[in-house]
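Just below is one structure, and these are the notes that go with it.
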Amino acid sequence: MSLRTWDGPLNGGIAILGGGLSGLSLAAHLAATPPRPGPVVVVDDGVHDITAASWASWTRRTGLLESAATEVFDRMRVVAGGHDRTLALGDYRYRVVHGAALVAAVRRHTDPVPDVGSSIGRVVDVDDAQRPCVVLDDGRELRPDWVFDARGPVEVDSRADAALDFLGVRIRADDPLFDPHVPVLFDFRTDQTDRASFVYVLPTDAHHALVEHVCFLDPDTPGVPADVHLAAIRVYFSEVLGVAEGTYEIGASEHARLPLVAQPAERTDGRMMRIGAAAGLLKASSGYAYEHIQRDCEAIARSFAQHGHPFDVPKRHNRFARYDRALLTAVLGRPSFLEELFAALFARGSAAPVLRFLDEDTSLRDETRLFAALPAGPLIRGLTGR
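By the count of this note's numbering, the sequence shown reaches residue 442 at its end, each step adding exactly one.
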């Protein structure tokens, strides 16, 4: 387990279902922000090794788990619409967090607190009566005062507006192929015929990088097979980068499909609250979640400390859900629109205004200024449903 083992019963306090990014992050924030309503126990089935995972995000603030970021970039590259731009991030930084570093950062806050721990078990039922009851597959019953459900999202969501399907592979190149100081967030020099797609390159050094082929799909269509993604990556290396077969090696890979929901369902049910991707914190128009999750966990812990309940968290402005849905509608209707949009969005010296918008930190005035330079037709049709 990622945290100190909790062997005893749980009567009162908090049960966090799922020991992934959001579950561990919430445990750290609760441990660091007393008072808490009793013990905090993270329940996880142990199937997934979080130390093998990694996340990236942009932020302009210093968070509780700052030490988990092992790579930090102050520039990013976007290749779209025939333009190859390297942009400064202003007061933002693009940070990479690896699972082992996240666990270490979390434990720095949880280990000194004796009533925060974790337990291995698969949740088979959650009964939210007057007081929640969490039933595990070995027959144990936990009776916390509060339940935070971090399980999900499922691959197929009836409310999804689109799906994000990707394959990421670890590349080792014989020659110095990658710029170790600049990640490529969006490179649209891929086939846009059937679906909007781009390549993402996160360098470790000049010879090693994580390379992803990412597609936006209609939620009702089948996923993209891993071999199709891999073929697109090989074409990118040979035809775009001019790298010959046999001069690079493909290592570990990850293939996933994530539902993109512009307007998530209500996240609370009595004394149960969904967190993380299960709560809709995966930004529908970008696919990023890490920083949204950190802010949310911080707000939940602060709400407990100030009010004794977790509900005093910032509410999302409905207009951002409308923007996300309009973008996804436009992209699914005309796949090439995503490249046109990103070429216009990033036609500037700094990426900061765009990142601020994607973080939902902009005002209506900021958004009006940003939208003025965008291809309006598809977005208007997406907003109006026409």
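No residue lacks a Cβ here, since even glycine has one placed at the ideal position from N, Cα and C. Keep in mind that this is a model prediction, so the values were computed, not measured.
Member of the options whose CA lies at the smallest distance from the CA of residue i
i       : options                            : result
Asp-171 : Val-152, Arg-215, Thr-61, Val-179  : Thr-61
Asp-247 : Ile-289, His-264, Val-238          : Ile-289
Leu-192 : Val-98, Gly-177, Gln-186           : Gly-177
Leu-233 : Arg-215, Ser-294, Gly-195          : Ser-294
Leu-411 : Glu-122, Met-132, His-365, Asp-205 : Met-132
Glu-347 : Leu-120, Val-179, Ala-382, His-373 : Leu-120
Ala-218 : Phe-360, Arg-141, Pro-275, Arg-228 : Pro-275
Asp-102 : Arg-207, Phe-427, Trp-111          : Note on identity: in this sequence residue 102 is Gly, with Asp being the wrong assignment. If we check each option's Cα against that of Gly-102, Arg-207 comes out closest.
Ala-144 : Ala-87, Leu-241, Ala-345           : Leu-241
Gly-137 : Glu-122, Val-152, Arg-92, Phe-244  : Phe-244
Leu-273 : Pro-391, Asn-67, His-264           : Pro-391
Leu-338 : Glu-322, Val-317, Thr-277          : Val-317
Leu-297 : Pro-281, Val-257, Ile-331          : Val-257
Gly-94  : Asp-415, Leu-383, Ala-357          : Ala-357
Ala-361 : Asn-67, Leu-77, Arg-92, Asp-63     : Arg-92
Glu-322 : Arg-215, Cys-189, Glu-197, Pro-236 : Arg-215
Gly-155 : Arg-164, Arg-117, Thr-166, Trp-111 : Trp-111
Asp-250 : Val-387, His-373, Asn-67           : Val-387
Glu-416 : Ala-345, Ala-429, Ala-400, Ala-300 : Ala-345
Lys-371 : Gly-336, Pro-315, Arg-425, Pro-200 : Gly-336
Phe-222 : Ala-340, Pro-236, Pro-281, Asp-167 : Pro-281
Leu-414 : Ala-400, Ser-342, His-363, Ala-429 : Ser-342
Asp-167 : Ala-88, His-139, Ala-428           : Ala-88
Ala-334 : Ala-400, Asp-205, Phe-254, Val-299 : Asp-205
Pro-315 : Phe-398, Arg-164, Pro-278, Arg-117 : Pro-278
His-373 : Gly-75, Thr-418, Ser-406           : Thr-418
Ala-407 : Asp-63, Gly-364, Glu-127, Arg-149  : Arg-149
Helix, strand or coil at residue i according to DSSP, with G and I counted as helix
i       : result
Thr-61  : strand
Ser-419 : coil
Arg-412 : helix
His-165 : helix
Phe-204 : strand
Glu-211 : Only weak support exists for where Glu-211 lies, its pLDDT of 49 falling under 50; the value from the coordinates is given anyway. Correct three-state label for Glu-211: coil.
Thr-126 : strand
Asp-283 : helix
Leu-86  : helix
Leu-394 : helix
Arg-442 : Low confidence applies here, because Arg-442 scores a pLDDT of 49, under 50, leaving its location unreliable; read the following figure in that light. Three-state DSSP puts Arg-442 in coil, outside helix and strand.
Pro-431 : coil
Leu-143 : strand
Thr-118 : coil
Phe-272 : strand
Asp-105 : coil
Arg-404 : coil
Leu-66  : coil
Gly-155 : helix
Gly-173 : strand
Val-387 : helix
Arg-425 : helix
Asp-368 : coil
Tyr-148 : coil
Arg-381 : helix
Arg-178 : coil
Arg-375 : helix
Exposure label - residue i; buried when at least 16 CB within 10 Å
i       : result
Thr-115 : buried
His-85  : buried
Pro-90  : exposed
Asp-105 : exposed
Gln-350 : buried
Arg-375 : exposed
Val-212 : Caution applies to Val-212, whose pLDDT of 48 falls short of 50 and renders its modelled position unreliable; the model cannot decide the point.
Pro-431 : exposed
Gly-69  : buried
Val-179 : buried
Glu-122 : exposed
Leu-420 : exposed
Asp-230 : exposed
Ala-185 : exposed
Asp-422 : exposed
Arg-196 : exposed
Whole-number beta carbon distance between residue j and residue i, since they are thought to touch under 8 angstroms
i       : j       : result
Val-162 : Leu-80  : 5 angstroms
Val-267 : Val-225 : 6 angstroms
Met-328 : Val-135 : Their Cβ separation, rounded to whole angstroms, is 44 angstroms, which puts Met-328 and Val-135 out of contact at 8 angstroms.
Leu-158 : Ala-124 : 5 angstroms
Val-99  : Leu-73  : 5 angstroms
Cys-353 : Ser-78  : 7 angstroms
Val-270 : Leu-198 : About 38 angstroms separates the two Cβ atoms, so there is no contact after all.
Ala-252 : Ile-227 : Their Cβ separation, rounded to whole angstroms, is 23 angstroms, which puts Ala-252 and Ile-227 out of contact at 8 angstroms.
**Message:** Going residue by residue through the region 286-363, where are the continuous alpha helix (DSSP H) segments of at least 4 residues, counting only ones entirely within it?
**Reply:** 346-363
**Asked** At what residue ranges does the region 183-266 contain a whole run of the beta strand (DSSP E), taking only runs of 3 or more?
**Response** 188-192, 202-205, 218-229, 240-243, 252-259
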